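Letter 134 of the sequence shown, counting from 1, is numbered 822 in the numbering used here, and no numbers are missing. Scroll down for the structure; my scribbles are underneath it.
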Amino acid sequence: PIECERKSQLWNEIKKFVLKSDVVVITHYHYDHHNPNEVEVFKGKKLLVKHPKEKINRSQRNRAAFFLEQLKSINVEVDFCDGKLYEFENTVLKISKPVFHGANDRLGYVVEVFIDNKTTFLFSSDVEGPIHEHQLEFMLECDAETVFIDGPMTYMLGYRYSAKNFQNSVENMKKLIERTSIKNLVLDHHLTRDLRWRDRLKDIFEFGDKNDVKILSAAEFIGKKDDLLEAKRKELYERYPVKT
């Protein structure tokens, strides 16, 4: 119940920011990255979306088709953004070519997003690492001051996420720190489903310290404390059982 309440609260916060925005990017078609049931929030916007038919798996292709069909009911400008560069007044947006959602194409592909407006910011979307060089390549090329990465799925380590993938992710984050002008590495989403995520990435925290790079959760980045509801789901269900 607490997760559901927080989800509703934060979705309302997201909508407020969308309403204030001129341009919105959809990096892929998983439901934690787009909401096809409330498309009216995009009215009057320029919507940059991952290509709905190229470099995509069956599930996301079907979701993309449904989402685009829903958009026909509102006034919105849609552009397939894979690998493109955009300029909007004083803001530059650069979109990567599609990269794996994780270790392979089973979950499809995502696009990474680079934003340059006085300061520079990169959003990795769901790379689950980055595990692979082709996921890291765009990050190195963009050389952003702040990089937001979803991080390795350590909560599934040894099950759906291999030790090799984890090691690759750690090494690639070190390359990012070592080879770019990064100041803030923000780690969240997949990684923070693990209560022990800081312990597991002790190596990265130490490497960041040596290179004057802050390693932060998304909450810390905006001046708040971590509240890892998803990581504490079992405990929360026991403390606050669902009423039927």
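Using N, Cα and C, we set each Cβ at its ideal position, and we do this for glycine too. In this text the structure is predicted, and so the values were computed from the model without any measurement.
Provide the residue(s) that pair with residue i in DSSP beta bridges, ordered along the chain.
i, result
"Asp900", "Answer by DSSP bridge pairing: none, since Asp900 is not bridged."
"Asn750", "Answer is none; Asn750 lacks a bridge partner."
"Ile803", "Leu781 and Phe809"
"Glu775", "Val780"
"Phe768", "Val737"
"Phe788", "Tyr797"
"Val711", "Lys734"
Does residue i come out as helix, strand or coil in the three-state DSSP assignment?
i, result
"Val835", "strand"
"Asn763", "coil"
"Asn872", "strand"
"Ile892", "helix"
"Thr808", "strand"
"Tyr717", "coil"
"Ile865", "helix"
"Tyr928", "coil"
"Tyr843", "helix"
"Val815", "coil"
Would you say residue i and residue j are within 7 Å of each other, going by their C-beta atoms?
i, j, result
"Met861", "Ile892", "yes"
"Val764", "Leu735", "yes"
"Thr973", "Leu916", "Missing from the structure shown is residue 973; the chain here goes from 689 to 932 and no further."
"Leu781", "Met827", "no"
"Gln748", "Gly817", "no"
"Ala919", "Asp876", "no"
"Ile690", "Leu924", "yes"
"Asp914", "Ala907", "yes"
So the candidates are the options; which of them puts its Cα closest to the Cα of residue i?
i, options, result
"Ile819", "Thr834, Phe836 and Ala791", "Ala791"
"Val901", "Leu883, Thr868, Asp814 and Lys772", "Thr868"
"His721", "Ala752, Lys708 and Asp767", "Ala752"
"Lys871", "Lys931, Glu726, Asn899 and Val801", "Asn899"
"Lys738", "Ser709, Asn700, Asp882 and Glu800", "Glu800"
"Cys769", "Val815, Ser747 and Pro740", "Pro740"
"Asn778", "Gly771, Arg921, Arg794 and Lys806", "Lys806"
"Arg888", "Phe909, Val858 and Lys912", "Val858"
"His878", "Ser813, Ser850, Leu781 and His822", "Ser813"
"Lys785", "Glu775, Leu795 and Phe802", "Phe802"
"His637", "Tyr843, Lys913, Val798 and Glu701", "The question about residue 637 has no answer, for the chain in this structure spans 689 to 932."
"Lys703", "Pro689, Leu773 and Lys733", "Lys733"
"Thr808", "Glu833, Asp710 and Lys931", "Glu833"
"Val815", "Val787, Tyr925, Arg794 and Asn856", "Val787"
"Asn745", "Ser761, Arg794, Lys890 and Asp897", "Arg794"
"Glu829", "Tyr847, Arg848 and Ile783", "Ile783"
Using a Cβ-Cβ cutoff of less than 7 Å, which residues in the same chain neighbour residue i once the five nearest sequence positions on both sides are dropped?
i, result
"Phe755", "Tyr717, His722 and Pro724"
"Ile824", "Correcting the residue identity first, residue 824 is Leu in this sequence and not Ile. Within the same chain, Leu824 has close Cβ partners Pro818, Asn860, Lys863 and Leu864."
Excluding the 5 residues flanking residue i on each side, which residues of the same chain have their C-beta closer than 8 Å to its C-beta?
i, result
"Glu693", "none"
"Leu759", "Val727, Phe730, Leu735 and Val766"
"Arg884", "Thr842"
Quick one: what's got a C-beta closer than 6 Å to residue i's C-beta in the same chain, skipping five residues either side?
i, result
"Phe836", "Phe811 and Val874"
"Asp831", "Thr868 and Ser869"
"Phe909", "Val874"
"Gly771", "Lys785"
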